[in-house]
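Q:
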Amino acid sequence: MGDYRDKSGSERVDAPEKIDLTNIMLDVYHGVKRLWWLFIGLIIICAVQSYFSVSTSYQSKYVASATVSVTSAGGMDYVNAQSAQQMAEVFPYILTSGVLKDVVAEDMGLDSMPGSIDVKADDGTNLLTISVSGNDPQMAYKTLKSVIKNYPKVAEFVLGETKLTILDETGIPTDTKREEVIRGSYKRGALKGAIIGCVILLLYVLSRRTVKSRKELRKNINLQDLGSIPYVRTKKRKKETFYNSVSLLNERISMSYLEAIRKLRIRIMKDVEKKEYQTLLVTSSIPGEGKTTLSANLAISIAQQGKKVLLVDCDLRNPSIAGVMNEQEPHPGLGSVLKKEVPLSEAITNVKLPKERTNENGSLHVIFGGAPDGENSLLIGSGRMRALIEALKSKYDIIILDTAPSELLADAPLLGKYVDAALYVIRYDYTKLREIREGVESLALSGIDMLGYVFNGDNSSGGQGYGYGYRRYGNYGSYGSHYGSYGKYGAYGHYGKMEKGSTDKFGRVIKD
Numbered sequence: 001m002g003d004y005r006d007k008s009g010s011e012r013v014d015a016p017e018k019i020d021l022t023n024i025m026l027d028v029y030h031g032v033k034r035l036w037w038l039f040i041g042l043i044i045i046c047a048v049q050s051y052f053s054v055s056t057s058y059q060s061k062y063v064a065s066a067t068v069s070v071t072s073a074g075g076m077d078y079v080n081a082q083s084a085q086q087m088a089e090v091f092p093y094i095l096t097s098g099v100l101k102d103v104v105a106e107d108m109g110l111d112s113m114p115g116s117i118d119v120k121a122d123d124g125t126n127l128l129t130i131s132v133s134g135n136d137p138q139m140a141y142k143t144l145k146s147v148i149k150n151y152p153k154v155a156e157f158v159l160g161e162t163k164l165t166i167l168d169e170t171g172i173p174t175d176t177k178r179e180e181v182i183r184g185s186y187k188r189g190a191l192k193g194a195i196i197g198c199v200i201l202l203l204y205v206l207s208r209r210t211v212k213s214r215k216e217l218r219k220n221i222n223l224q225d226l227g228s229i230p231y232v233r234t235k236k237r238k239k240e241t242f243y244n245s246v247s248l249l250n251e252r253i254s255m256s257y258l259e260a261i262r263k264l265r266i267r268i269m270k271d272v273e274k275k276e277y278q279t280l281l282v283t284s285s286i287p288g289e290g291k292t293t294l295s296a297n298l299a300i301s302i303a304q305q306g307k308k309v310l311l312v313d314c315d316l317r318n319p320s321i322a323g324v325m326n327e328q329e330p331h332p333g334l335g336s337v338l339k340k341e342v343p344l345s346e347a348i349t350n351v352k353l354p355k356e357r358t359n360e361n362g363s364l365h366v367i368f369g370g371a372p373d374g375e376n377s378l379l380i381g382s383g384r385m386r387a388l389i390e391a392l393k394s395k396y397d398i399i400i401l402d403t404a405p406s407e408l409l410a411d412a413p414l415l416g417k418y419v420d421a422a423l424y425v426i427r428y429d430y431t432k433l434r435e436i437r438e439g440v441e442s443l444a445l446s447g448i449d450m451l452g453y454v455f456n457g458d459n460s461s462g463g464q465g466y467g468y469g470y471r472r473y474g475n476y477g478s479y480g481s482h483y484g485s486y487g488k489y490g491a492y493g494h495y496g497k498m499e500k501g502s503t504d505k506f507g508r509v510i511k512d
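Start counting the sequence shown at 1; every next residue gets the next number (full-length UniProt numbering).
As structure tokens, this is what we get:
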């Protein structure tokens, strides 16, 4: 649980997470879609393993059986309910007792009775099915005959004189039922594999708990809902990489995505112009939510409407805007400007926008992040950064700053002290509610005006969607290549494991 205040001073106290059966069913559905191959593999492996285990260890057993009726010495059947119930409970015990086995062994001239006895009584009748199993068919049959012959001697001490009459028998057994036993092993193995698969699916569902709807966000996050961006599926090709990227500069981008960005721009600019803001920070809770792609496309969309826009890559541990903009030439980064290694003019790059879709007064400039450098990120919250932002305000209508995830690092909250407003990016079925709450709370405590959140990669209504396509741009390879295992969440860049609540080698705080 956590609480935070917006600029109006209102306080939000988060309620405990509730179990949503709809989300659980969605998790099960997605889990089956993602893990179906594991289910099939487990069933096949367990079935085959069970087959080999049984077929190699199975010892042939011949079963001789007979159905008999039990009568008293006077010829009276045990047919009334009380007598039948007594027989069903007592007779099987007598037939499998050690006393009977000793008598049978003595009758057969052996030290011990060969094989084993199994007895089943038909409820409510005086009928018994006696089975004797053994390795030798002849011996199994002889043992059965001896059991039926000698049973009355043993039962006499318990029930008085009784008589067993054979109604049906198998004779000398010839079938060991090997195929039947092995066939049953397949089923048992397959069932075992299915159970293991269900356990894995249960663990998957319990570990997910990701946000899957804007309705869920509205219930749990005290931020304005600024809309959603659909999921766009793009094909990964070795050639024409840029034309498969999710960028407004890509002529092949879907109309649904263009329309979603347009609506988001209108809502944001309405607040920005009303409150006379010039700087907008864009962040998310964790890596991989698409904040960089959204920052770039929002900047392009605003510039096309006639505004002078500056896009700044402030995620200096993992600068990604160059990849989104398909900029393959090296440029001085923000860190070099803050360390005064290069003049500001050399770090600002003009981005050519399509004239037919851009207002003549509009322009887009970018300050890239340069090479990944954790030491440069230490300057994000410095006075130099504040002075740089103030200097740039006089040249641009709006400045958009793409920052590191706020739930993981303190970069965004520190920068938030110098920025007017923030846009929070939340990716569909990717981020846990706890992570969102912590990230929003961390950023809100800086005093920045939280304009709201955008639900990115929304696939809940079957739209074209957006999400996986942004992972590759130009020659930059997969998103987060400079983060190492930053995704969930491992090592951050080349600075090794960084636990929450600790500091890195530069004194940066990892958010609790």
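Even for Gly, the Cβ is constructed at its ideal location relative to N, Cα and C.
1. Quick check on residue 165: does DSSP put it in helix, strand or coil?
2. Please report the Cβ distance between residue 433 and residue 281, rounded to the nearest whole angstrom; I am assuming they are in contact, meaning their Cβ atoms lie under 8 angstroms.
3. Indicate whether the contact test is met: 3 or more Cβ pairs, each with one atom in the segment 397–413 and one in the segment 254–261, closer than 8 angstroms.
4. Between the Cα of residue 40 and the Cα atoms of 186, 183, 193 and 372, which residue gives the shortest distance?
5. Within 10 angstroms of the Cβ of residue 58, are there 16 or more other Cβ atoms? Answer buried if so, exposed if not.
6. Is the separation between the beta-carbon of residue 306 and that of residue 359 shorter than 7 angstroms?
7. For residue 412, list the residues DSSP reports as bridge partners.
8. Can you name the start and end residues of the beta strand (DSSP E) that residue 134 belongs to?
9. Could you compute how far the alpha carbon of residue 216 sits from the alpha carbon of residue 180?
10. Compute the beta-carbon to beta-carbon distance between residue 290 and residue 457, rounded to the nearest angstrom, for a pair I have assumed lies under 8 angstroms.
11. Under the three-state reduction of DSSP, which class applies to residue 204: helix, strand or coil?
12. Rounded to the nearest angstrom, what separates residue 119 and residue 50 at their Cα positions?
13. For residue 186, which residues in the same chain have their Cβ closer than 7 angstroms to its Cβ, ignoring the five residues on either side in sequence?
14. For the beta strand (DSSP E) holding residue 120, just list the boundary residues, first then last.
15. Between which two residues does the alpha helix (DSSP H) holding residue 298 run?
16. Considering residue 255, what are the terminal residues of the alpha helix (DSSP H) in which it resides?
17. On the DSSP bridge list, what partners appear for residue 364?
18. Would you call the segment 365–375 and the segment 318–326 in contact, with 3 or more CB pairs under 8 angstroms?
19. Could you tell me whether the Cβ atoms of residue 254 and residue 425 are closer together than 7 angstroms?
20. With respect to the alpha helix (DSSP H) encompassing residue 23, which residues constitute its N-terminal and C-terminal limits?
21. Compare the C-alpha of residue 521 against each of 396, 45 and 410 and name the closest.
22. Tell me residue 431's beta-bridge partners as DSSP assigns them.
23. Comparing C-alpha positions only, which one of 97, 143, 117 and 204 sits nearest to residue 33?
24. So, using beta-carbon positions, are residue 63 and residue 133 closer together than 7 angstroms?
25. Compare the C-alpha of residue 167 against each of 436, 66, 298 and 43 and name the closest.
26. Pairs of beta-carbons, one from the segment 414–421 and one from the segment 287–302, closer than 8 angstroms: are there three or more?
27. To the nearest angstrom, report how far apart residue 37 and residue 208 are at their CA atoms.
28. What's the C-alpha gap between residue 103 and residue 184?
29. Among residues of its own chain, excluding the 5 on either side of residue 26, which ones have a beta-carbon nearer than 7 angstroms to its beta-carbon?
30. In the DSSP output, which residue or residues are listed as bridge partners for residue 452?
31. Which partner residues of residue 249 appear in the DSSP bridge assignment?
32. Could you pull the start and end residues of the beta strand (DSSP E) that residue 98 belongs to?
33. Please state whether the Cβ-Cβ distance between residue 172 and residue 141 is less than 7 angstroms.
34. Going by the CB atoms, is the gap between residue 112 and residue 121 shorter than 7 angstroms?
35. Take the Cβ of residue 174 as the centre, count every other Cβ of all protein chains shown within 10 Å, and call the residue buried at 16 or more, exposed below.
36. Measure the C-alpha to C-alpha separation of residue 135 and residue 144 and round it to an integer number of angstroms.
A: Answer, in terms of the structure:
1. strand
2. Incorrect: roughly 22 angstroms between the Cβ atoms, too far for contact.
3. no
4. 193
5. exposed
6. yes
7. Residue 412 is not bridged to any residue.
8. 127–134
9. 53 angstroms
10. 6 angstroms
11. helix
12. 28 angstroms
13. 47, 50 and 51
14. 116–121
15. 291–304
16. 255–275
17. 309 and 351
18. yes
19. no
20. 21–57
21. This structure gives no information on residue 521, because the portion of the chain shown stretches from 1 to 512.
22. DSSP, once it has assigned bridges, lists no residue as partnering residue 431.
23. 204
24. yes
25. 66
26. no
27. 19 angstroms
28. 35 angstroms
29. 212
30. 423
31. Residue 249 is not bridged to any residue.
32. Not the beta strand (DSSP E): residue 98 falls in the alpha helix (DSSP H), residues 98–108.
33. yes
34. no
35. exposed
36. 14 angstroms
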